[in-house]
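Numbering (the working numbering), first residue to last: 33 to 211.
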Amino acid sequence: PVEVGQWQPGPVVASQSRLTGTARYHPRVTRAADETSLEDDSPHFVRTGHFEYESTDHGDTWLTLELLFVDPQWLRRAAERLAERLGRFSAEVVCGPLPGGALVAQPVAEMLGARFVYAERRARAAGAEYVIPPAARAALAGTRVLIVDDVINAGSATAACAREIRSARGELVGAASLI
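Given below as C-alpha coordinates:
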(Lines of atoms letter the chains of each structure in order from A; the text may use other names.)
(Lines give C-alpha, C1' and ligand atoms only; values in the text may rest on other atoms or scores of the structure.)
Protein backbone atom coordinates (compact mmCIF):
# COMPACT_ATOMS: atom_id res chain seq x y z
CA PRO A 33 0.00 0.00 0.00
CA VAL A 34 1.09 3.55 -0.73
CA GLU A 35 0.73 6.23 1.91
CA VAL A 36 1.43 9.92 1.76
CA GLY A 37 4.09 11.07 4.19
CA GLN A 38 4.66 14.39 5.89
CA TRP A 39 6.34 17.18 3.95
CA GLN A 40 7.81 20.56 4.64
CA PRO A 41 8.58 23.26 2.11
CA GLY A 42 12.31 23.66 1.57
CA PRO A 43 14.40 26.38 0.01
CA VAL A 44 13.31 27.48 -3.44
CA VAL A 45 16.21 26.93 -5.80
CA ALA A 46 15.55 27.46 -9.48
CA SER A 47 18.91 27.48 -11.21
CA GLN A 48 18.74 27.82 -15.00
CA SER A 49 15.01 28.38 -14.80
CA ARG A 50 12.56 31.13 -14.08
CA LEU A 51 9.79 30.51 -11.64
CA THR A 52 6.77 32.34 -13.01
CA GLY A 53 4.11 31.22 -10.60
CA THR A 54 3.66 30.04 -7.07
CA ALA A 55 5.39 26.73 -6.50
CA ARG A 56 4.60 24.13 -3.92
CA TYR A 57 6.28 20.92 -2.84
CA HIS A 58 4.49 17.62 -3.30
CA PRO A 59 3.83 15.31 -0.38
CA ARG A 60 6.43 12.56 -0.33
CA VAL A 61 5.19 9.11 -1.26
CA THR A 62 6.61 6.16 0.65
CA ARG A 63 6.19 2.41 0.26
CA ALA A 64 5.67 -0.47 2.64
CA ALA A 65 8.77 -1.59 4.58
CA ASP A 66 9.26 -4.65 2.37
CA GLU A 67 9.24 -2.56 -0.83
CA THR A 68 12.64 -0.94 -1.16
CA SER A 69 13.23 1.88 -3.59
CA LEU A 70 15.92 4.46 -4.13
CA GLU A 71 13.21 7.10 -4.12
CA ASP A 72 12.31 6.18 -0.55
CA ASP A 73 15.73 7.34 0.59
CA SER A 74 15.95 10.39 -1.63
CA PRO A 75 15.57 13.98 -0.47
CA HIS A 76 12.24 15.52 -1.40
CA PHE A 77 12.67 17.70 -4.47
CA VAL A 78 9.47 17.84 -6.59
CA ARG A 79 7.73 21.22 -6.97
CA THR A 80 4.77 22.31 -9.05
CA GLY A 81 3.93 25.66 -10.56
CA HIS A 82 4.79 27.26 -13.89
CA PHE A 83 8.40 26.97 -15.04
CA GLU A 84 10.50 27.80 -18.09
CA TYR A 85 13.18 25.18 -18.69
CA GLU A 86 16.66 25.49 -20.22
CA SER A 87 15.16 24.32 -23.53
CA THR A 88 12.73 27.32 -23.34
CA ASP A 89 9.83 24.86 -23.05
CA HIS A 90 7.35 25.49 -20.25
CA GLY A 91 6.07 22.97 -17.74
CA ASP A 92 4.24 22.53 -14.44
CA THR A 93 6.88 20.48 -12.59
CA TRP A 94 10.33 21.49 -11.35
CA LEU A 95 12.84 19.16 -9.76
CA THR A 96 15.11 20.92 -7.27
CA LEU A 97 18.01 18.72 -8.26
CA GLU A 98 20.46 20.43 -5.95
CA LEU A 99 18.85 18.43 -3.14
CA LEU A 100 20.03 15.18 -4.78
CA PHE A 101 23.61 16.09 -3.92
CA VAL A 102 23.17 17.07 -0.27
CA ASP A 103 23.62 13.51 0.98
CA PRO A 104 26.80 11.89 -0.42
CA GLN A 105 25.77 8.42 0.77
CA TRP A 106 22.46 8.65 -1.09
CA LEU A 107 24.28 9.85 -4.23
CA ARG A 108 26.75 6.97 -3.97
CA ARG A 109 23.94 4.40 -3.70
CA ALA A 110 22.17 5.99 -6.67
CA ALA A 111 25.38 5.96 -8.72
CA GLU A 112 25.96 2.29 -7.81
CA ARG A 113 22.49 1.33 -9.03
CA LEU A 114 23.01 3.25 -12.25
CA ALA A 115 26.50 1.77 -12.81
CA GLU A 116 25.09 -1.77 -12.39
CA ARG A 117 22.81 -1.13 -15.36
CA LEU A 118 25.47 0.54 -17.50
CA GLY A 119 28.27 -2.04 -17.32
CA ARG A 120 27.02 -3.81 -20.46
CA PHE A 121 27.93 -0.76 -22.59
CA SER A 122 31.67 -1.25 -21.97
CA ALA A 123 32.27 2.51 -21.86
CA GLU A 124 35.85 3.71 -21.68
CA VAL A 125 34.82 7.27 -20.82
CA VAL A 126 31.81 8.70 -18.97
CA CYS A 127 30.81 12.29 -19.77
CA GLY A 128 28.60 14.37 -17.48
CA PRO A 129 27.23 17.85 -18.19
CA LEU A 130 27.97 20.36 -15.43
CA PRO A 131 26.86 20.78 -12.78
CA GLY A 132 24.53 17.92 -11.79
CA GLY A 133 25.39 15.43 -14.50
CA ALA A 134 29.09 15.63 -13.65
CA LEU A 135 28.35 14.96 -9.97
CA VAL A 136 26.61 11.72 -10.97
CA ALA A 137 28.91 10.77 -13.86
CA GLN A 138 32.14 10.87 -11.87
CA PRO A 139 31.23 8.15 -9.32
CA VAL A 140 29.59 6.11 -12.12
CA ALA A 141 32.86 6.31 -14.11
CA GLU A 142 34.80 5.16 -11.06
CA MET A 143 32.50 2.18 -10.53
CA LEU A 144 32.75 1.23 -14.21
CA GLY A 145 36.53 1.54 -14.23
CA ALA A 146 36.22 4.25 -16.89
CA ARG A 147 37.72 7.69 -17.29
CA PHE A 148 35.61 10.79 -16.64
CA VAL A 149 35.14 14.06 -18.54
CA TYR A 150 32.71 16.89 -17.99
CA ALA A 151 31.00 19.25 -20.41
CA GLU A 152 30.41 22.92 -19.62
CA ARG A 153 27.32 24.81 -20.74
CA ARG A 154 27.98 27.77 -23.04
CA ALA A 155 25.49 30.52 -23.73
CA ARG A 156 23.98 30.31 -27.19
CA ALA A 157 21.12 32.19 -28.83
CA ALA A 158 19.13 29.02 -29.56
CA GLY A 159 19.29 25.91 -27.41
CA ALA A 160 22.03 24.52 -25.26
CA GLU A 161 25.67 24.03 -26.17
CA TYR A 162 28.03 22.00 -24.01
CA VAL A 163 31.79 22.00 -24.49
CA ILE A 164 34.31 19.46 -23.21
CA PRO A 165 37.61 21.12 -22.21
CA PRO A 166 40.17 20.85 -25.07
CA ALA A 167 42.69 18.58 -23.28
CA ALA A 168 39.97 16.09 -22.30
CA ARG A 169 38.25 16.40 -25.69
CA ALA A 170 41.43 15.33 -27.49
CA ALA A 171 41.44 12.07 -25.53
CA LEU A 172 37.94 11.07 -26.75
CA ALA A 173 38.90 10.09 -30.32
CA GLY A 174 38.25 6.40 -30.87
CA THR A 175 36.85 5.76 -27.37
CA ARG A 176 33.47 4.39 -26.28
CA VAL A 177 31.69 7.22 -24.45
CA LEU A 178 28.62 7.12 -22.23
CA ILE A 179 26.70 10.26 -21.22
CA VAL A 180 25.43 10.28 -17.62
CA ASP A 181 23.23 13.09 -16.29
CA ASP A 182 21.23 13.71 -13.14
CA VAL A 183 18.00 14.11 -15.12
CA ILE A 184 16.94 14.11 -18.75
CA ASN A 185 13.90 16.30 -19.33
CA ALA A 186 13.75 17.85 -22.79
CA GLY A 187 17.10 16.25 -23.65
CA SER A 188 18.88 19.46 -24.65
CA ALA A 189 21.99 18.84 -22.50
CA THR A 190 22.17 15.19 -23.59
CA ALA A 191 21.85 16.09 -27.28
CA ALA A 192 24.45 18.84 -26.96
CA CYS A 193 26.92 16.48 -25.22
CA ALA A 194 26.30 13.86 -27.90
CA ARG A 195 27.16 16.40 -30.63
CA GLU A 196 30.33 17.36 -28.77
CA ILE A 197 31.40 13.72 -28.30
CA ARG A 198 30.79 12.88 -31.95
CA SER A 199 32.64 15.99 -33.14
CA ALA A 200 35.62 14.83 -31.03
CA ARG A 201 35.40 11.46 -32.87
CA GLY A 202 34.24 9.56 -29.79
CA GLU A 203 31.81 6.67 -30.20
CA LEU A 204 28.62 7.43 -28.27
CA VAL A 205 27.41 4.12 -26.79
CA GLY A 206 24.53 5.37 -24.64
CA ALA A 207 23.00 7.95 -22.34
CA ALA A 208 21.52 7.48 -18.88
CA SER A 209 20.26 9.52 -15.94
CA LEU A 210 19.03 9.10 -12.40
CA ILE A 211 15.63 10.50 -13.39
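Ideal placement from N, C-alpha and C gives every residue a C-beta, glycine not left out.
Predicted, not measured: the structure shown is a model, and the values here were computed from it.
Leaving aside the five residues that flank valine 205 on each side, the residues in its chain whose CB is nearer than 8 Å to its CB run, in chain order, Phe121, Ser122, Ala123, Arg176, Val177 and Leu178.
Under the DSSP definition of a beta bridge, proline 129 partners with Ala151. Membership of alanine 115 in the alpha helix (DSSP H) is indicated by the continuous run 104-118. When rounded, the separation of the alpha-carbon atoms in tryptophan 106 and tyrosine 162 is 27 Å.
In terms of Cβ geometry, valine 149 and alanine 168 form a close pair [threshold 8 Å]. In the DSSP assignment, histidine 90 forms a beta bridge with Glu84.
Listed as beta-bridge partners of valine 78 by DSSP are Leu95.
Apart from the 5 residues on each side of it in sequence, alanine 200 sits with its Cβ closer than 6 Å to the Cβ of Arg169 and Leu172 in its chain, given in chain order.
Of the residues assessed, threonine 93 falls on the exposed side of the cut-off, its CB having fewer than 16 other CB atoms within 10 angstroms. Bounds of the alpha helix (DSSP H) holding serine 199 are 188-199. Arginine 108 and glycine 132 have their C-alpha atoms spaced approximately 14 Å apart. Residue environment: proline 129 is assigned as buried (16 or more neighbouring CB atoms within 10 Å of its CB, all protein chains considered). Assigned with DSSP and collapsed to three states, arginine 176 falls in strand. Cβ-Cβ separation between leucine 118 and valine 183: approximately 16 Å, too far for a contact (criterion under 8 Å). With a cutoff of 8 Å on beta-carbon distance, alanine 146 and alanine 192 are scored as not near each other.
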